[in-house]
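To start, the structure under review is shown below, and the notes come after it.
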Amino acid sequence: MLFKNVSIAGLAHIDAPHTLTSKEINERLQPTLDRLGIRTDVLGDIAGIHARRLWDADMLASDAATLAARKALEDAGIGADKIGLLVNTSVSRDYLEPSTASIVSGNLGVSDECMTFDVANACLAFINGMDIAARMLERGDIDYALIVDGETANLVYEKTLERMAQPGVTADDFRNEMAALTLGCGAAAMVMARTELVPDAPRYRGGVTRSATEWNQLCRGNLDRMVTDTRMLLIEGIKLAQKTFMAAREALGWAVEELDQFVIHQVSQPHTAAFIKNFGIDPKKVMTIFGEHGNIGPASVPIVLSKLKQLGKLKKGDRIALLGIGSGLNCSMAEVVW
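As numbered in the working numbering, residues 800 to 1137 make up the sequence shown, in order.
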């Protein structure tokens, strides 16, 4: 769906404070690596992830999302009482119930007319949340919406490293859980509004989504464990991305050379290289943070967009492509005009 009256009024991110390097992980797992005969630095040399950020041990997903939400509201120059919809999109969550969105809403003090709920769709949920909000804004149902995401990877690191250090772990076990050690912590939030209320703000044009859900078994995760077939996930993910890009080219009038920035979901070096190669993207138009922040799930796309803004790399009129693949498999591509 394309939108004519939807803009981004505020945008913010929070970087988690603690750095865990791949060198530290390799040192901890050295006995297992030696026993299995693994000499390659899989995390650093192959995935291109040299570090990731972690929160303090007591940080909840709702706490992280609330911090980012307050920054985004400040950036938009509005109070929480103006928000008509709050959508939480994080993979991480405090509880199975209530929704993390309700906790964030309570922390912020939104009005009793604000609709709140979680949207879960692996690494695509933030873009899904933007689309849901955009539909309500386009119809005039609400004036402002707040999309939030807080990712906490501390538990999965603790448990995965414990399992990998066990004397009975096999090469298959190691390979299947390695992707969990590429995850990172962080938070992001976006205030969306009807364009008439913020006429000079960046516009959200909309986007397209395609799925290949027959591949839903390639990556399955819980809060303390993630098992991934990284090879097939990349192969089938790129096939799906090619279909999605064709749909975006038709719906959004995309020509690669006419787009100014490509915000690609931050998975790894091979994933990013495959996107660049398959779509003929100029690498200078792709900002990457996975090397020092890891894969921050659905928060990674808005975090990169926020960092581009913070660094002054976006100028009025720039066309920005948002590209993401989520386990399931699902793929979304959308456009923001700055």
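Glycine is no exception: its CB is placed at the ideal position from the N, C-alpha and C atoms.
Relative to the alpha-carbon of residue i, which residue among the options has its alpha-carbon at the smallest distance?
i	options	result
Ala1011	Leu1128, Arg1004, Tyr956	Leu1128
Gly809	Asp833, Gly836, Ala871	Ala871
Ile902	Gly949, Ala944, Gly1020, Leu1107	Gly949
Leu895	Phe916, Leu884, Ser806	Phe916
Ala864	Arg1002, Pro1069, Gly1005, Ile1102	Ile1102
Val805	Ser910, Ala879, Ser861, Thr994	Thr994
Thr1029	Arg838, Ala992, Thr981	Thr981
Ala992	Cys984, Tyr1003, Gly985, Ala986	Tyr1003
Ile941	Asp857, Ser1105, Val990, Asn825	Val990
Glu1056	Gly1079, Met1045, Ala1040	Gly1079
Here's a check: name, in chain order, each residue in its chain whose Cβ is nearer than 7 angstroms to the Cβ of residue i, leaving out the five neighbours to either side.
i	result
Lys1042	Arg1009
Cys913	Ile882, Gly883, Leu884, Leu885, Ser904
Pro1001	Ser806, Ile807, Val1135, Val1136, Trp1137
Thr1071	Ile1063, Val1085, Thr1087
Gly843	Ser821, His849
Do you know offhand how far residue i's Cα is from residue j's?
i	j	result
Val997	Ile877	11 angstroms
Val968	Glu873	48 angstroms
Thr820	Gly847	12 angstroms
Val890	Ser898	12 angstroms
Ser1131	Val1066	15 angstroms
Lys881	Gly1125	31 angstroms
Glu823	Arg938	51 angstroms
Gln1068	Val1026	19 angstroms
Met800	Arg974	39 angstroms
Gly985	Ile926	16 angstroms
Gly983	Lys1108	21 angstroms
Leu1058	Ala875	26 angstroms
Ala911	Ala879	A small fix is needed here, since residue 911 is Asp in this sequence, not Ala. Their Cα atoms are separated by approximately 11 angstroms.
Cys1018	Lys1106	28 angstroms
Lys743	Ser1099	The structure shown does not extend to residue 743, since the chain is modelled only from 800 through 1137, so no value can be given for it.
Leu907	Asp857	20 angstroms
Leu1122	Asp833	38 angstroms
Determine the DSSP secondary structure at residue i, reduced to helix, strand or coil.
i	result
Met929	helix
Leu982	strand
Gly1111	coil
Met991	strand
Glu1134	strand
Arg1009	strand
Val909	coil
Ile877	coil
Glu896	coil
Val968	coil
His817	strand
Gln1016	coil
Leu885	strand
Ile946	strand
Met800	coil
Leu1104	helix
Val1062	strand
Arg1004	strand
Ser891	coil
Going along the chain, which residues of its own chain have a beta-carbon closer than 6 angstroms to the beta-carbon of residue i, five neighbours each way excluded?
i	result
Gly928	Val886, Thr888, Val918, Ile946
Leu859	Asp893
Ala988	Ala811, Ala867, Ala868, Ala871, Val947
Ala1047	Val1007, Trp1053, Met1132
Ala924	Thr888, Val918, Pro1097
Ala1050	Val1007
Leu1032	Leu1017, Cys1018
Leu1022	Leu954
Could you pull out every residue in the same chain whose Cβ sits closer than 8 angstroms to the Cβ of residue i, ignoring the five residues on either side in sequence?
i	result
Arg1024	Val955, Lys958, Thr959, Arg962, Glu976, Ala979
Arg827	Leu960, Ala964
Is there at least one Cβ from chain B nearer than 7 angstroms to residue i's Cβ?
i	result
Lys1042	Although the question refers to chain B, the structure presented lacks it and comprises just one protein chain.
**Prompt:** If you pair each beta-carbon of the segment 1073-1086 with each one of the segment 932-942, do three or more pairs fall below 8 angstroms?
**Reply:** no
**Prompt:** Between the segment 1010-1025 and the segment 1061-1071, do at least 3 Cβ pairs fall closer than 8 angstroms?
**Reply:** no
**Message:** Quick check: the segment 810-824 against the segment 1029-1037, are at least 3 beta-carbon pairs closer than 8 angstroms?
**Reply:** no
**Request:** Specify whether the segment 833-852 and the segment 1087-1098 touch according to this definition: at least 3 beta carbon pairs, one from each stretch, less than 8 angstroms apart.
**Result:** yes
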